[in-house]
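One structure is given below, encoded as structure tokens.
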Amino acid sequence: MKKELITIDLGSNSFRVLKFDCLNFKIVDEFHQVVGLADGLVNSGMISFEAQNRVIEALKSSSEKLKFDPKDAVCVTTAAMRKANNSNEVLNFLEKNSGAKFRIIDAEEEARLTLLAIKYALERENLKSEKFMVLDIGGGSTELTVSLEDKSFTRSFDFGIVTMTQKSLKNGDLFQDLDKRKEEVKEFLNTLDFDIKDFPFVATAGTPTTLAAVKIGMDYFNYDKDKINGMVLEYLDLENGLNILKNKTIEETTRLVGKGRVEFMEVGTYIYKMFFDVLGKNTSIVLDDGLREGVAIDCALKMSGKA
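Numbers given in this note's numbering equal positions in the sequence shown, counted from 1, plus 9.
What follows is the structure, encoded as structure tokens:
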């Protein structure tokens, strides 16, 4: 059994790498970079050559920092690659130029692995995990999973911060689109045969974690996930976050949320608010853990024979 494992999550906007201790189920090191994989995807249906090269550069930088060979990493990619007409060509290009072999996972597998990470994170933070809801706001899709003991119910929605920014925000249709999406979420909730009123509302991915950081005055360059994990955001915190981001200069907001993420934070926050409204929640628990952690835990469990 390998002692350490590298997992890579190539999302629609972010590239996230994890070095994981498989024996002790602990994070050793990590790497994050904005690569903008889905830039222009809404209009062209294609992942651009520029975006592909940004991924190659991120693979080079991360392998140097974490000291690994990309061909040995467990690499997954999600919504942007699921949607792109040239995904096979892109996967071949990445493997040829870096050695990294990415696997496109479907929305159900993405939700399963994220849920696995969240369950472990809740246990680590000494939070109850018998029943809860987890929201994962991605760049190209958004997943809501309701977990009840050993059962889970998931719906993947065909919108995310990147696609909604490129389509609805720029067309001036953001709020109309959000209203339509709200009905999709309600439709999913109506399929459940139990009441979710007492289910804690957990949120992961960049929008919730960034809003949590903004709340405590932490900027992108001093981000500390240990201070973010388990934080509780109130609905008012989202309003305050929006006001802060709207009233600061581009230089100040870039320092707060990171390069390549400024334009998406507004839309991400509105999506987050929409789920607060539909779910009837006033608070949300924020966790930094997500897909890359889930992939690592899943692999470690399989290697140990516990899966």
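Note that the Cβ used here is the ideal one computed from N, Cα and C, for glycine as well.
Problem - beta strand (DSSP E) segment containing ALA212, residue limits - result: Locating residue 212 in the sequence shown gives position 203, where the first residue counts as 1. Residues 210-213.
Practice task
Give me the Cα-Cα distance between VAL211 and ASN95, rounded to the nearest whole angstrom.
Solution key: Mapped onto the sequence shown, residue 211 falls at position 202. Mapped onto the sequence shown, residue 95 falls at position 86. Straight-line measurement puts the Cα of ASN95 at about 34 Å from the Cα of VAL211.
Practice task
Have a look at the DSSP bridge pairing and note the partners of CYS84.
Solution key: Here residue 84 refers to the residue found at position 75 when the sequence shown is read from its first residue. DSSP links CYS84 through a beta bridge to ILE17, PHE111.
Handout entry: Endpoints, the alpha helix (DSSP H) within which PHE141 is located
Key = Stepping through the sequence shown from its first residue, residue 141 is reached at position 132. Where PHE141 is concerned, there is no enclosing alpha helix (DSSP H), although the beta strand (DSSP E) around it starts and stops at 140-146.
Handout entry: Sufficient close CB pairs (3 or more, under 8 Å) joining the region 299-306 to the region 19-37
Key = Short answer: they touch.
Exercise for the section: Could you tell me whether the Cβ atoms of LYS268 and VAL43 are closer together than 9 Å? Expected result: Your numbering for residue 268 matches position 259 in the sequence shown. Your numbering for residue 43 matches position 34 in the sequence shown. Going by C-beta atoms, LYS268 is nearer than 9 Å to VAL43.
Problem - Cβ-Cβ separation, ALA93 to GLY169 (assumed contact under 8 Å), whole Å - result: Taking the sequence shown and counting its residues from 1, one reaches residue 169 at position 160. Taking the sequence shown and counting its residues from 1, one reaches residue 93 at position 84. Wrong, their Cβ atoms sit about 14 Å apart, outside the cutoff.
Problem - Cα-Cα separation, LEU103 to SER71 - result: The residue labelled residue 103 in the question sits at position 94 within the sequence shown. The residue labelled residue 71 in the question sits at position 62 within the sequence shown. Rounded to whole angstroms, LEU103 and SER71 show a C-alpha spacing of 14 Å.
Exercise for the section: Taking 8 Å as the threshold, find out whether the region 152-172 comes into contact with the region 68-82 through three or more Cβ pairs. Expected result: Between the region 152-172 and the region 68-82, the count of Cβ pairs shorter than 8 Å is below three; the stretches do not touch.
Practice task
Check whether the Cβ atoms of ASP235 and ALA126 lie closer than 9 Å to each other.
Solution key: Mapped onto the sequence shown, residue 235 falls at position 226. Mapped onto the sequence shown, residue 126 falls at position 117. No, they are not a contact pair.
Practice task
Under 6 Å Cβ to Cβ from LYS224, same chain only, skipping five residues before and after it: list those, please.
Solution key: By 1-based counting over the sequence shown, the position of residue 224 is 215. Same-chain partners within the cutoff: ASP246.
Practice task
Identify which residue in LEU198, THR174, GLY49 has its Cα closest to the Cα of SER161.
Solution key: Here residue 161 corresponds to residue number 152 of the sequence shown, with the count starting at 1. If we check each option's Cα against that of SER161, LEU198 comes out closest.
Handout entry: First through last residue of the beta strand (DSSP E) which encompasses GLU152
Key = Translated into the one-based positions of the sequence shown, residue 152 becomes position 143. Element bounds for GLU152: 151-157.
Exercise for the section: In the DSSP assignment, find the alpha helix (DSSP H) that holds LEU50 and state where it starts and stops. Expected result: Position 41 of the sequence shown, counted from the first residue, corresponds to residue 50. Its alpha helix (DSSP H) spans residues 50-53.
Handout entry: Straight-line Cα distance separating GLU59 from ASP233
Key = Here residue 233 is taken as the residue at index 224 of the sequence shown, counted from 1. Here residue 59 is taken as the residue at index 50 of the sequence shown, counted from 1. About 30 Å.
Problem - CB of ASN22 within 9 Å of CB of VAL171, strictly - result: For the purposes of this step, residue 22 is taken as residue 13 along the sequence shown, with counting starting at 1. For the purposes of this step, residue 171 is taken as residue 162 along the sequence shown, with counting starting at 1. Contact flag set, yes.
Practice task
Out of LEU251, GLU98, ASP286, point me to the one whose CA is closest to GLU272's CA.
Solution key: Start at 1 with the first residue of the sequence shown, and residue 272 comes out as number 263. Cα-wise, what sits closest to GLU272 is LEU251.
Practice task
Identify the continuous alpha helix (DSSP H) that holds THR292 and give its terminal residues.
Solution key: On the sequence shown, residue 292 is found 283 positions in, with the first residue counted as 1. THR292 -> not in any alpha helix (DSSP H); beta strand (DSSP E) instead, spanning 292-295.
Handout entry: Start and end residues, alpha helix (DSSP H) containing SER23
Key = Here residue 23 refers to the residue found at position 14 of the sequence shown. For SER23, there is no enclosing alpha helix (DSSP H); the residue is part of the beta strand (DSSP E) that begins and ends at 23-30.
Problem - Element boundaries [alpha helix (DSSP H), containing PHE285] - result: Here residue 285 corresponds to residue number 276 of the sequence shown, with the count starting at 1. The continuous alpha helix (DSSP H) containing PHE285 extends over residues 271-288.
Practice task
Answer yes or no: do ALA120 and THR163 have a C-beta to C-beta separation smaller than 9 Å?
Solution key: As a first step, residue 120 is located in the sequence shown; it is residue number 111 there, counting from the start. As a first step, residue 163 is located in the sequence shown; it is residue number 154 there, counting from the start. If you check the CB distance, ALA120 and THR163 come in under 9 Å.
Exercise for the section: Drop a sphere of 10 angstroms on the beta-carbon of ARG112, count the other beta-carbons inside from all chains shown, and report buried for 16 or more, exposed for fewer. Expected result: Residue numbering aside, residue 112 sits at position 103 when the sequence shown is read from its first letter. Per the 10 Å Cβ criterion, exposed.
Exercise for the section: Please say whether CYS308 and CYS84 have beta carbons closer to each other than 9 Å? Expected result: Walking along the sequence shown from the start, residue 84 turns up at place 75. Walking along the sequence shown from the start, residue 308 turns up at place 299. For the pair CYS84 and CYS308, the CB atoms are not nearer than the 9 Å cut-off.
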